[in-house]
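In this note's numbering, the protein residues as written are 20 to 158.
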């Protein structure tokens, strides 16, 4: 990796499981002990985006990988993996910088499949409606 902190082998394996097996709706990674590590995972079955939002710390950044599905303007169901840098306003600036420097290199190390990268500064920006609006406006 060019900059930032390297993911552990467990992180790489978990992302590949997330991407290939499609059993998880979201996986969350954090920086701990100068390594990117698995923080939380959310199964697809019964997934509610509000549960993801409520589970996140209000004062610490996280990397979120979301298997986001929606219906496009033609009525076709679309599935996209969205990489989100969650960096709430209450997080310490030094930690925000560490997450920011690691985000792009982490996405590269994960080996593809990411359709879109977003930065969210608080819980409201993680709502399904907000992300849907950003995804649809990207075209």
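For each residue, glycine too, the CB sits at the ideal point set by N, CA and C.
Reduced DSSP category for residue i - H, G, I as helix; E, B as strand; rest coil
i	result
residue 56	strand
residue 151	helix
residue 25	coil
residue 49	strand
residue 69	helix
Beta-carbon gap between residue i and residue j smaller than 8 Å
i	j	result
residue 102	residue 25	no
residue 80	residue 115	yes
residue 118	residue 100	no
residue 55	residue 125	yes
residue 42	residue 63	yes
residue 86	residue 96	no
residue 71	residue 61	yes
residue 78	residue 52	no
Residues sharing a beta bridge with residue i, DSSP
i	result
residue 159	With the chain represented from 20 up to 158, any question about residue 159 goes unanswered, as that position is not in the structure.
residue 43	62
residue 96	90
Residue i versus residue j: straight-line alpha-carbon distance, rounded
i	j	result
residue 33	residue 59	11 Å
residue 150	residue 104	13 Å
residue 107	residue 140	4 Å
residue 20	residue 47	Here the model assigns residue 20 a pLDDT of 38, short of 50, so the residue's position is not dependable and the matter cannot be decided.
residue 45	residue 73	13 Å
residue 130	residue 136	14 Å
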